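In what follows, a structure is listed as structure tokens, so that the remarks can point back to it.
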Amino acid sequence: MAADVSKHLERAKRFLEKNRVEDAIEAYLAVLEEAPQHQEATQALGDLYSRTDQPEQAAIITACCLT
Numbered sequence: 079m080a081a082d083v084s085k086h087l088e089r090a091k092r093f094l095e096k097n098r099v100e101d102a103i104e105a106y107l108a109v110l111e112e113a114p115q116h117q118e119a120t121q122a123l124g125d126l127y128s129r130t131d132q133p134e135q136a137a138i139i140t141a142c143c144l145t
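Under this note's numbering, the residues of the sequence shown are numbered 79 to 145, in order.
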């Protein structure tokens, strides 16, 4: 499980370096499937949803995962 989380985090970061925001979102969501309380992925998703003008998604992800 930890290896999968690390793999997904690395993929997300590579996608962000290439400005592939939607792919990064998918990779961070995969992290949360493995580790629902993962703070880095939750924060990154909130930021990415805000950047892509999806504030309702940002609110949902931070409310469910950071509480």
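For each residue, glycine too, the CB sits at the ideal point set by N, CA and C. Remember, predicted model here, so these are calculated numbers, not experimental data.
*Out of Q132, L126 and A137, state which residue places its alpha-carbon closest to the alpha-carbon of D101.*
L126
*Continuous alpha helix (DSSP H) stretch holding R89: start and end*: A80 to E95
*Give the C-beta separation of A105 and G124 to the nearest angstrom, bearing in mind that I take them to be a contact with Cβ-Cβ under 8 angstroms.*
Not quite, the Cβ-Cβ distance comes to about 15 angstroms (not below 8 angstroms), so this is no contact.
*Thinking C-beta only, is V109 closer than 8 angstroms to R129?*
no
*asked:* Looking at the secondary structure, which residues open and close the alpha helix (DSSP H) in which R129 lies?
replied: Q117 to R129
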